[in-house]
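**Q** In the UniProt record's numbering, the protein residues as written are 1 to 395.
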């Protein structure tokens, strides 16, 4: 880097420039400071132009400062202010200051008062009295400020939430995080974290579709709402639900038949059909044989398939007993009704049926049921999966 020039050297360069031009002025600069030969000519031309400009403006003295021009007011790093010493004030002085602060702040609008209160580490009730605000207003402002702090384990929370596709609420997600990552987060605390991360769990929609029922069939309700099969009667529940039709089906709906085990909550089989007929329900009943029970009960509502004599005879042939809900009492068949609500909330309601085929829909349901049986923990099963409970009873 070339050295800074002296005033007589600047004078010489200016004089050569006036007589012989810019090229000779650059050569003169080379003679004065040989290191400038390493600098490109275009940069030296800029330097010569600056020298000439300062001479023409009559401020050639500024060339002697390395910065070349005066510092602007307020530029540069500000000076470090010394810490304020409050010990110089006695109690009466502090009271006077507080009174003046009170007069100033109470003239401000409510919004500015809240901002002032957020920055004071004083009890809510005292701040409310001082600023003439509701205590809840102060509390909410403080809580909102605290939410801006870093959320612990945020990456793990997001990862766990997305792994279950937003299907788990705060309680179930808390248990899942503990099982998978060995990290305990209180479910209410986790609920606040989910709100701060804008992660919303899916909610079930309570909606019942009217279906064809045969109310003349007289088959007793032998299950009697034994939802957990406390008498070990090997109870299964079955039903058919409507689903929006995918793009390659001309009708408005397709139909899902499923069977659930009351004790383990495991889905033992399902069938998806384009037609709501008896055949696909009878085909679904075959899945109960894989459970290897000598005696069992199949519970359903009064749908036309379930009151058909062929359906009843097939169950009896397999060694089972038919049970039916009372007319107009959907809670009698709660287990399968509840499961249909779960799959619709956690899978079916989010699908774009204009972009998937019937075969793809069937695969998605199959994939979901595998996840439901093997990975979806449930509080009523002691935070175990249906498959874990089924294996425990099998042993």
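Glycine included, every Cβ here is placed at the ideal spot set by N, Cα and C.
Does the Cβ-Cβ distance between residue 335 and residue 227 come in under 8 Å?
**A** Cβ distance < 8 Å, so residue 335 and residue 227 count as in contact.
**Q** Can you tell me the Cα-Cα spacing of residue 131 and residue 106, whole angstroms?
**A** Using only the alpha carbons, I get a separation of about 6 Å.
**Q** For residue 393, count the other beta carbons within 10 Å of its own beta carbon; 16 or more makes it buried, fewer makes it exposed. Which is it?
**A** The residue in question, residue 393, is exposed, as its Cβ has fewer than 16 Cβ neighbours within 10 Å.
**Q** For residue 167, does the count of other Cβ atoms within 10 angstroms reach 16, so buried, or fall short, so exposed?
**A** Answer is buried; the Cβ neighbour count reaches 16.
**Q** May I have a chain-ordered list of the beta strand (DSSP E) segments no shorter than 3 residues that lie completely inside the region 44 to 117?
**A** Within the region 44 to 117, no complete beta strand (DSSP E) run reaches 3 residues.
**Q** Any chance the region 257 to 266 sits against the region 194 to 204, with 3 or more Cβ pairs inside 8 Å?
**A** With a cut-off of 8 Å, the region 194 to 204 and the region 257 to 266 do not count as touching, because too few Cβ pairs lie within range.
**Q** Kindly indicate which three-state DSSP category residue 140 falls into: helix, strand or coil?
**A** Reduced to three states, the DSSP call for residue 140 is helix.
**Q** Going by DSSP in three states, residue 167 sits in which element: helix, strand or coil?
**A** Coil, per DSSP.
**Q** Give a yes or no on whether the C-beta atoms belonging to residue 240 and residue 305 are separated by under 8 Å.
**A** It is a contact, given that the beta carbons lie within the stated cut-off.
**Q** Report, in whole angstroms, the separation of the C-beta atoms of residue 373 and residue 266, which I expect to be a contact under 8 Å.
**A** Indeed they touch by this definition, with Cβ atoms about 5 Å apart.
**Q** By the DSSP assignment, the beta strand (DSSP E) with residue 257 in it spans what residues?
**A** Unbroken beta strand (DSSP E) run through residue 257: 253 to 261.
**Q** Per DSSP, which residues does residue 378 bridge with? Please list them.
**A** Its beta-bridge partners are 384.
**Q** Kindly identify the DSSP beta-bridge partner or partners of residue 298.
**A** Note: residue 298 sits in a beta bridge opposite 236 and 322.
**Q** Decide if residue 294 is buried, meaning its Cβ has at least 16 other Cβ atoms within 10 Å, or exposed.
**A** So residue 294 ends up on the exposed side.
**Q** Cutting at 6 Å between CB atoms, please list the residues of its own chain near residue 347, excluding the five before and the five after it.
**A** The answer, listed in chain order, is 368.
**Q** If you reduce the DSSP assignment to three classes, tell me which class residue 179 lands in.
**A** Correct three-state label for residue 179: helix.
**Q** Are there three or more Cβ pairs, one per stretch, closer than 8 Å when the region 73 to 92 is compared with the region 49 to 59?
**A** Counting Cβ pairs under 8 Å, fewer than three are found: no touch.
**Q** In three-state DSSP terms, what is residue 16?
**A** Reduced to three states, the DSSP call for residue 16 is helix.
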